[in-house]
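Each remark here refers to the structure printed beneath this line.
Number of protein chains: 2
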Amino acid sequence: MPNTNIIVAQSGGPTSAINSSLAGVIQKAIESNIKIYGSFYGIEGILNDEIVLLNNQFQKQKDIEDLKYTPAMALGSCRYKLSNSKKEFDIIINRFKQYNIGYFLYIGGNDSMDTVDKIAKYFKEINLDIKVVGIPKTIDNDLILTDHTPGFGSAAKYIATTITELIRDISIYNIPSVTIVEIMGRNTGWLTLAAGIPFFLNGLQPEIICIPEVPFCEKDFIKRIRQGITNNTPIIAVVSEGLKNKDGSYLGEDCKTGLVDRFGHTYLSGVGKYLENLVKKNIECKVRSIELNLMQRCSAHLSSKTDLDEAFNIGYDGLTNALKDKTGIAMVYNRISSSPYNITTSYVDVDLIANKEKKVPDKWLDIYNPKIQKEILDYILPLIKGNISIKKNEFDLPIYKIINKTL
Amino acid sequence: MPNTNIIVAQSGGPTSAINSSLAGVIQKAIESNIKIYGSFYGIEGILNDEIVLLNNQFQKQKDIEDLKYTPAMALGSCRYKLSNSKKEFDIIINRFKQYNIGYFLYIGGNDSMDTVDKIAKYFKEINLDIKVVGIPKTIDNDLILTDHTPGFGSAAKYIATTITELIRDISIYNIPSVTIVEIMGRNTGWLTLAAGIPFFLNGLQPEIICIPEVPFCEKDFIKRIRQGITNNTPIIAVVSEGLKNKDGSYLGEDCKTGLVDRFGHTYLSGVGKYLENLVKKNIECKVRSIELNLMQRCSAHLSSKTDLDEAFNIGYDGLTNALKDKTGIAMVYNRISSSPYNITTSYVDVDLIANKEKKVPDKWLDIYNPKIQKEILDYILPLIKGNISIKKNEFDLPIYKIINKTL
Chain A
1 MPNTNIIVAQ SGGPTSAINS SLAGVIQKAI ESNIKIYGSF YGIEGILNDE
51 IVLLNNQFQK QKDIEDLKYT PAMALGSCRY KLSNSKKEFD IIINRFKQYN
101 IGYFLYIGGN DSMDTVDKIA KYFKEINLDI KVVGIPKTID NDLILTDHTP
151 GFGSAAKYIA TTITELIRDI SIYNIPSVTI VEIMGRNTGW LTLAAGIPFF
201 LNGLQPEIIC IPEVPFCEKD FIKRIRQGIT NNTPIIAVVS EGLKNKDGSY
251 LGEDCKTGLV DRFGHTYLSG VGKYLENLVK KNIECKVRSI ELNLMQRCSA
301 HLSSKTDLDE AFNIGYDGLT NALKDKTGIA MVYNRISSSP YNITTSYVDV
351 DLIANKEKKV PDKWLDIYNP KIQKEILDYI LPLIKGNISI KKNEFDLPIY
401 KIINKTL
Chain B
408 MPNTNIIVAQ SGGPTSAINS SLAGVIQKAI ESNIKIYGSF YGIEGILNDE
458 IVLLNNQFQK QKDIEDLKYT PAMALGSCRY KLSNSKKEFD IIINRFKQYN
508 IGYFLYIGGN DSMDTVDKIA KYFKEINLDI KVVGIPKTID NDLILTDHTP
558 GFGSAAKYIA TTITELIRDI SIYNIPSVTI VEIMGRNTGW LTLAAGIPFF
608 LNGLQPEIIC IPEVPFCEKD FIKRIRQGIT NNTPIIAVVS EGLKNKDGSY
658 LGEDCKTGLV DRFGHTYLSG VGKYLENLVK KNIECKVRSI ELNLMQRCSA
708 HLSSKTDLDE AFNIGYDGLT NALKDKTGIA MVYNRISSSP YNITTSYVDV
758 DLIANKEKKV PDKWLDIYNP KIQKEILDYI LPLIKGNISI KKNEFDLPIY
808 KIINKTL
């Protein structure tokens with residue numbers, strides 16, 4: 001008798017949509033009458049046997065719905081980089097045998113796709129019939145071979161909404177002022193482009209948008225700020241956390257905490273603060289910096305319905321493909337058209353995606369060009385469309401679905 | 408013929424509800440068939456003649472509704488401290504004569520009530536028949552003689568919702584970590600109490616809540632963090648921006664920018680960052696700090712319906728009282744009962760409110776006491792209740808009402 005059960009786990013940084021993909025996987029498993037296990041803390045839960053049967057906790061459609069609207073990872077996460085040691089693979093294989101696992105679904109970013117790739121290849125090598133499928137997620141939108149990533153649309157919606165509100169806030173005084181808003185994006189500027197939406201849509205000028213793909217020039221930045229605050233205008237500069245100097249070094253090296261995670265990424269912080277000080281040194285006016293911080297990846301109350309629905313489908317379709325004996329694949333979105341917006345899900349070999357990074361395309365770097373701004377709007381706006389209605393308690397605070405670790 | 412027109416202005420820091428009070432004033436003026444002018448940038452617009460007729464811009468009920476849901480100040484703001492010079496009063500008096508003003512409504516915090524008080528007293532002194540009424544607002548909830556302030560409920564709702572979401576986000580890793588969330592509150596901890604709501608409601612432990620009313624003790628803080636992160640638990644500490652040491656000095660003096668506004672307040676920043684460094688120095692674990700920053704006062708998409716409705720009514724009633732020849736008063740809320748929640752608006756002499764500050768009461772400083780937590784919930788929860796539906800464009804981004812300065 002073949003191994004028939006499913007195991008699913010989540011990995012990397014949270015998004016508002018990653019639980020929606022989990023909900024899609026669970027939905028498909030339940031429809032297919034298959035046992036589905038959840039591993040807590042990503043691959044680490046498989047290594048450490050922190051595994052729970054999910055079927056019992058999702059007996060009602062309402063449970064699936066509630067999970068769909070819950071931010072962050074209901075199964076927890078990890079940033080564990082799988083070694084290529086036989087010992088570690090053996091633990092995984094034994095664990096899968098223990099739970100009679102035939103299908104492993106891993107929801108995560110490009111680091112997690114590396115884990116999917118390694119496990120799928122090893123299983124093929126040793127002729128082990130367990131299917132391994134990667135479901136993408138990342139607010140950063142930096143995975144290649146997919147039109148966009150699940151989670152990006154909701155983060156983009158939070159950012160565009162918040163910038164719209166901040167514009168109202170900073171416009172109240174009739175004095176020149178500079179507000180620097182720091183947005184997530186270690187090496188790519190996708191989310192910072194979303195911060196441009198309120199400007200692009202309303203033809204507001206001046207806007208200052210700095211992304212990692214364009215080497216930062218102190219002189220240009222100060223010049224643009226100076227132009228902006230003429231006529232007592234308050235201005236907003238939106239900047240990616242990972243801005244780089246012309247020599248490729250990160251801006252404000254000394255603002256960094258110096259911590260490095262297990263994939264070798266340096267934790268960045270403080271580009272906003274760095275630029276705040278830079279402006280203060282050069283221009284006499286009110287300057288503040290704002291970091292949108294974790295709110296941009298967990299503000300589920302502002303999720304994009306399009307994003308959550310798509311994330312659900314890509315999870316559902318991922319398991320569908322695994323059950324059709326596909327393995328070593330990552331699910332992707334293909335855009336059929338922007339207007340009307342229409343996408344399909346399909347898949348690619350996961351090794352084509354793992355450890356690769358999609359940058360903002362060169363032609364979009366001409367960001368102050370209205371034609372380019374229109375192209376950016378055409379790309380992002382469909383992804384943020386649609387509002388969701390989260391479950392609230394009697395005081396109108398959100399209630400989120402918790403998966404019990406010990407059931 | 409008596410002076411019959413109305414002038415209204417807004418002052419101090421923004422809230423999500425201050426435009427709702429403005430909408431209430433405009434609504435009453437229009438119902439009463441009286442000309443109403445708006446002064447841009449608070450009292451400065453009166454001094455500098457930046458005044459616009461509002462009736463034309465609010466001909467439809469929809470215009471009033473849209474204004475109600477718009478964050479920050481549609482008429483702009485100022486932090487101008489009125490001198491007591493005859494020269495300045497003369498400019499104001501002449502401006503009021505120029506526009507045939509009989510009623511002046513000023514919406515603002517305790518500094519603005521000082522302006523109301525000065526002008527009302529001067530007018531009485533010289534027997535000038537112009538009524539002056541203050542409409543309170545401040546997210547800080549620090550005005551005395553009122554149950555709470557317009558704007559507090561919406562800020563509290565943003566904070567409680569965001570903390571609920573952040574708890575999900577920081578809980579994903581199975582490692583000890585400390586997240587410090589810095590919340591507005593220069594001298595009072597009202598908003599930081601709101602950050603406790605998700606903990607109080609769910610009996611989550613441990614919670615660390617630090618407010619300016621309780622002298623900060625480094626040793627206690629570190630001890631509490633140490634207790635919290637046992638068992639690999641991620642914890643959140645919520646702290647007011649204006650934490651003070653036992654000697655009354657602000658925490659992390661060297662984190663301050665050193666800027667002082669015209670009322671002598673020092674601009675604070677960086678208590679979160681200061682505590683982040685303090686924890687890092689003492690405990691080996693992941694530490695981050697998050698500043699909720701301007702979002703807590705301008706996130707109109709998360710406004711409390713109760714707050715906006717009350718703010719509208721207090722504006723409406725403020726003008727009603729002015730038209731009944733009341734002057735030198737500030738409007739206030741009186742709570743009749745918490746369950747069912749019921750308040751009325753009334754008024755007090757503005758000099759009783761101006762320049763005074765309502766602190767969190769002494770008996771509530773025993774904040775880890777469940778009985779006290781219940782009292783805090785009874786007080787705050789009714790204020791955050793009810794969701795609003797803001798106007799959105801076709802891409803589901805908010806559209807806000809703009810008052811045209813030049814019409």
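Chains as they are written, first to last, in this note's numbering: chain A, 1 to 407; chain B, 408 to 814. Where a beta carbon is used, it is the ideal one built from N, C-alpha and C, also for glycine. Just so we're clear, the structure is a prediction, and the values are computed from it rather than from any experiment.
Backbone CA spacing between residue i and residue j [nearest angstrom]
i	j	result
K273 of chain A	E438 of chain B	49 Å
N440 of chain B	D518 of chain B	31 Å
G509 of chain B	T411 of chain B	5 Å
E764 of chain B	P212 of chain A	46 Å
P777 of chain B	N387 of chain A	37 Å
I856 of chain B	K363 of chain A	The first residue shown for chain B is 408 and the last is 814, placing residue 856 of chain B beyond what the model contains.
L105 of chain A	V767 of chain B	51 Å
G431 of chain B	F465 of chain B	12 Å
K630 of chain B	Y786 of chain B	30 Å
I471 of chain B	S171 of chain A	20 Å
V694 of chain B	G109 of chain A	23 Å
T15 of chain A	A300 of chain A	9 Å
P583 of chain B	N187 of chain A	28 Å
N313 of chain A	T320 of chain A	10 Å
L204 of chain A	P641 of chain B	42 Å
L397 of chain A	I783 of chain B	16 Å
T553 of chain B	L788 of chain B	17 Å
I91 of chain A	S85 of chain A	10 Å
Closest by C-alpha distance to residue i, when choosing among the options
i	options	result
S304 of chain A	A:I376, A:I283, A:Y69	A:Y69
I183 of chain A	A:G24, A:S177, A:Y158	A:Y158
Y250 of chain A	A:G185, A:G328, A:L22	A:G185
A479 of chain B	B:L790, B:S427, B:P789	B:S427
K798 of chain B	A:T164, A:N321, A:D220	A:T164
L82 of chain A	A:Y122, A:L201, A:F96, A:I372	A:Y122
D129 of chain A	A:I93, A:S289, A:E375, A:L143	A:I93
C210 of chain A	A:V239, A:K87, A:I367	A:V239
N202 of chain A	A:F221, A:I175, A:A160, A:L243	A:A160
A729 of chain B	B:Y754, B:I743, B:T713, B:R742	B:Y754
I236 of chain A	A:K124, A:V132, A:G196	A:G196
N741 of chain B	B:T752, B:I791, B:D549	B:T752
G420 of chain B	B:L474, B:K435, B:A436, B:L482	B:L482
T648 of chain B	B:T553, B:E698, B:I806, B:I779	One point to set straight first is that residue 648 of chain B is Glu, not Thr, in the sequence displayed. It is B:E698 whose Cα lies nearest to the Cα of E648 of chain B.
E310 of chain A	A:D247, A:K385, A:K374, A:Y368	A:K385
V621 of chain B	B:L788, B:K651, B:F606, B:P641	B:K651
Integer-rounded CB distance, given that residue j should sit under 8 Å from residue i
i	j	result
C692 of chain B	I636 of chain B	6 Å
D724 of chain B	M738 of chain B	6 Å
V588 of chain B	V686 of chain B	Going by Cβ atoms, the distance from V588 of chain B to V686 of chain B rounds to 13 Å, so no, they are not a contact pair.
A17 of chain A	L383 of chain A	With a Cβ gap of about 11 Å, A17 of chain A and L383 of chain A do not count as contacting.
N326 of chain A	K60 of chain A	The question names Asn, but residue 326 of chain A is Lys in the sequence shown. Incorrect: roughly 30 Å between the Cβ atoms, too far for contact.
L308 of chain A	S289 of chain A	In fact, because the Cβ distance is near 31 Å, the residues do not count as touching under 8 Å.
Residue i CB to nearest heavy atom of the ligand GTP below 7 Å
i	result
N684 of chain B	Among the components of this structure there are no ligands whatsoever, and the ligand GTP is therefore not found.
Beta-carbon proximity list for residue i, same chain, < 8 Å, skipping 5 on both sides
i	result
E50 of chain A	S39, F40, Y41, E44, K405
Y37 of chain A	N5, I6, I7, V8, I51, V52, L53, L54, Y99, I101
R226 of chain A	I283
D66 of chain A	K391, I399, Y400, K401
Cβ-based neighbour list, residue i, same chain, cut-off 7 Å, excluding 5 preceding and 5 following
i	result
G258 of chain A	Summary for G258 of chain A: the model assigns pLDDT 45, below 50, so the residue's position carries little reliability; its value from the coordinates is reported in the next sentence. Excluding sequence neighbours, G258 of chain A sits near nothing in its chain.
V757 of chain B	M520, V523, D524, A527, G541, G735, I736, A737
R95 of chain A	I46, D49
K28 of chain A	Y316, L319, T320
Min CB distance residue i to chain D below 8 Å
i	result
A311 of chain A	This model lacks chain D altogether; the protein chains it does include are A and B.
Cutoff 6 Å; reference residue i; Cβ partners in own chain excluding five residues on either side
i	result
N174 of chain A	N232
Q373 of chain A	F200
- Specify whether the segment 744-758 of chain B and the segment 590-598 of chain B touch according to this definition: at least 3 beta carbon pairs, one from each stretch, less than 8 Å apart. no
- Message: Check whether the segment 4-22 of chain A and the segment 39-53 of chain A are in contact - that is, three or more C-beta pairs closer than 8 Å.
- Response: yes
- Message: When you compare the segment 511-525 of chain B with the segment 752-762 of chain B, are there three or more beta-carbon pairs, one atom per stretch, that lie closer than 8 Å?
- Response: yes
- Using 8 Å as the Cβ pair cut-off and three pairs as the minimum, do the segment 555-573 of chain B and the segment 528-547 of chain B touch? Contact between the segment 555-573 of chain B and the segment 528-547 of chain B is present: three or more C-beta pairs spanning the two stretches fall below 8 Å.
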